[in-house]
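For the sequence shown, the working numbering begins at 2 and goes up steadily by one.
To start, the structure under review is shown below, and the notes come after it.
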Amino acid sequence: MGKVYVVKNIYDATIERLEKIFSENFAVYFSFSGGKDSSVMLQLANLVAKKKNKKFDVLFIDLEGNYKYTIEHVKELRNLSQIDEFYWVCLPLVLRNSVSQLSTHWLCWDKRQKEFWIRDMPKDCINEENYLSKYGWDFFISGMQFETFIVSFAKWYQKNHDKPVMCGVAIRTNESFNRFRAIVSLRKEKWKDCNWTTRVQTPWNLPIYNFYPIYDWETRDIWIAVSKFDLKYNKLYELLYKSGLSIHEARICQPYGDDQRKGLNQFKAIEPETWSKLLIRVGGVNFGNIYAKSLALGYMKLEKPSHLTWQEYTIFLLESIGIKNYDLMIHYARKIERFIEWYEVKKGMPMRDFGPKHLESQKKIASWRRCAKMILKNDYYGRGLSFSQTKRDDAELKAMLEKDEIENKIIYFNERLDKSDAKS
2 MGKVYVVKNI YDATIERLEK IFSENFAVYF SFSGGKDSSV MLQLANLVAK KKNKKFDVLF
62 IDLEGNYKYT IEHVKELRNL SQIDEFYWVC LPLVLRNSVS QLSTHWLCWD KRQKEFWIRD
122 MPKDCINEEN YLSKYGWDFF ISGMQFETFI VSFAKWYQKN HDKPVMCGVA IRTNESFNRF
182 RAIVSLRKEK WKDCNWTTRV QTPWNLPIYN FYPIYDWETR DIWIAVSKFD LKYNKLYELL
242 YKSGLSIHEA RICQPYGDDQ RKGLNQFKAI EPETWSKLLI RVGGVNFGNI YAKSLALGYM
302 KLEKPSHLTW QEYTIFLLES IGIKNYDLMI HYARKIERFI EWYEVKKGMP MRDFGPKHLE
362 SQKKIASWRR CAKMILKNDY YGRGLSFSQT KRDDAELKAM LEKDEIENKI IYFNERLDKS
422 DAKS
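Below you can see the structure in the form of structure tokens.
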């Protein structure tokens, strides 16, 4: 199903969508990141809600590694007139670390690492000390996955309000094919046949929906709206533009994700004091700054040393990881072993060194190149090899995180002792 263009402009269409939502008896909240898309969505929602004399809530998950400008903008929009509850979440969640092949994840707001936090925890936030007493979030477990928290929060929100829920999400379909599919999918359940809504499967009878009010906007539309309607915006975008990034390249999220790692050098240039803390907080940051756009992290065309086969290169990568993180090497090796067994034993297909790229991308053949790509892209769960996330994976990840934190502390304090001895 392709895009169908209509005469109506995207601004009017967005206002109509928001009016439909606020005209119904929904409990409404918006997912906010401090970036341009969710910022515009939130302010337009405030205009419509004010017109209809409605209130809504906001979920902002603070992932610790934010620019100061982003936090200032979050505080600015926190005061919008129609916001009832602003959930500023600073809880220890497991996040992707795409800049290190030795430490594939990290734990934000880990109180055991308080000395190394990138920034101080904001006042009046939801944290480990008050989440139970303040909201009774018995669903939260320290170290849970970010994605799991999002789903669990939605279920709690629905149960707490005892009515159907609408969660506003600021995705735009022109940013990725997956986002486009989220809108046009023929299999999903929708609210009143609106393609810009998706029903979330829950164990309760009252439904939870995600809705996407700006799904058909382009990047330029965001900035046109900011200018035309005098909307507030994150001033960081001005600095990113002045530093040479186009409006399409500027990203504001936690800096270690698969997309955001390309902009790690932005931190170094724009907020050097934050950069110094990033270096200590998460492994591989400087490596990511240097190599995020290179072959080393599997971002560009995947290649290998010419004198090695893909099988030899995969084994080399495993052995290299094993020097620093033996548990992670075993984890990847087990994934590869099961991958080979599935194709060779169950499907009767031999393991190739490499195959046609279109067949590899469609996951129709087994090859060592696919295994190497999994490692280079820090694909911890092995999704590139058709694996899904398992409880065993999560348990092993938690154990590795705890072990890694202890080792990092030892290294850090030894370095401080060495510097102290050198001065004396």
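Yeah, the Cβ is synthetic: ideal placement off N, Cα and C, and Gly gets one too.
Less than 6 Å between C-beta atoms, sequence neighbours within five positions excluded: which residues of the same chain meet that for residue i?
i, result
"G356", "I366 and S368"
"D328", "M401"
"V59", "F31, F33, I84 and F87"
"Q146", "V95"
"S153", "F140"
"D111", "P93"
"V227", "Y234"
"C372", "T315 and I337"
"L240", "I271"
Going by other Cβ atoms of all chains shown within 10 Å of its Cβ, with 16 needed for buried, is residue i buried or exposed?
i, result
"K115", "exposed"
"L298", "Note that L298 scores a pLDDT of 40, beneath 50, so its modelled location is shaky and nothing firm can be said."
"R18", "buried"
"A396", "exposed"
"P123", "exposed"
"L237", "buried"
"F23", "buried"
"I324", "exposed"
"Q202", "exposed"
"G245", "exposed"
"D125", "exposed"
"D63", "buried"
"F230", "exposed"
"Q363", "exposed"
"N80", "exposed"
"P93", "buried"
"K243", "exposed"
"E361", "buried"
"R113", "exposed"
"K358", "exposed"
"R370", "buried"
"G349", "exposed"
"N161", "exposed"
"E304", "exposed"
"R282", "buried"
"T391", "exposed"
"E20", "exposed"
"L398", "buried"
"L426", "Since the first residue shown for the chain is 2 and the last is 425, residue 426 is missing from the structure and cannot be characterised."
List the DSSP bridge partners of residue i.
i, result
"S82", "Answer by DSSP bridge pairing: none, since S82 is not bridged."
"Y167", "The sequence given here has Met at residue 167, not Tyr. Partner(s): V29 and Y210."
"M122", "According to DSSP, which records beta bridges pairwise, M122 is partnered with nothing at all."
"D58", "Y30"
"V90", "I62 and I127"
"L96", "W107"
"S368", "R353"
Go through its chain and collect everything with a Cβ distance to residue i's Cβ below 8 Å, but skip five positions before and after it.
i, result
"S177", "At S177 the pLDDT is 49, less than 50, meaning the model places this residue with poor confidence and gives no usable figure here."
"Q83", "A46, N47, A50, K51, K55, K56 and F57"
"E130", "none"
"I426", "Here the chain covers residues 2 to 425 and nothing more, so residue 426 does not appear."
"G144", "P93, L94, V95, L108, K399 and L402"
Going by beta carbon distance, what residues of the same chain come within less than 7 Å of residue i, once the five residues before and after it are set aside?
i, result
"W157", "W138 and F140"
"E345", "P351 and M352"
"N10", "none"
"F388", "K336 and Y382"
"I215", "T15, D38, V41, M42, A171 and R173"
At which residues does the beta strand (DSSP E) containing residue i begin and terminate?
i, result
"H106", "H106 to L108"
"V201", "T198 to V201"
"V346", "Per DSSP, V346 belongs to no beta strand (DSSP E) and is neither H nor E."
Residue range of the alpha helix (DSSP H) that residue i falls in?
i, result
"R221", "T220 to K229"
"T149", "F147 to H162"
"K51", "K37 to K52"
"F140", "Counting along the chain, F140 falls outside any alpha helix (DSSP H), and DSSP gives it neither H nor E."
"R18", "I11 to F23"
"I316", "W311 to K325"
"H359", "K358 to S362"
"Y242", "L237 to K243"
Is residue i near the ligand MN, going by C-beta to nearest heavy atom under 7 Å?
i, result
"K374", "The ligand MN is not part of the structure shown, which contains no ligands of any sort."
* Asked: Contact between the region 24-43 and the region 246-254: three or more CB pairs below 8 Å?
  -> yes
* To do: Inspect the CB distances between the region 69-76 and the region 41-50 and report whether three or more fall short of 8 Å.
  => no
* Asked: Is the number of C-beta pairs between the region 156-170 and the region 16-30 that are closer than 8 Å three or more?
  -> yes
* Asked: Would the region 168-175 and the region 204-220 be scored as touching if the rule is three or more Cβ pairs under 8 Å?
  -> yes
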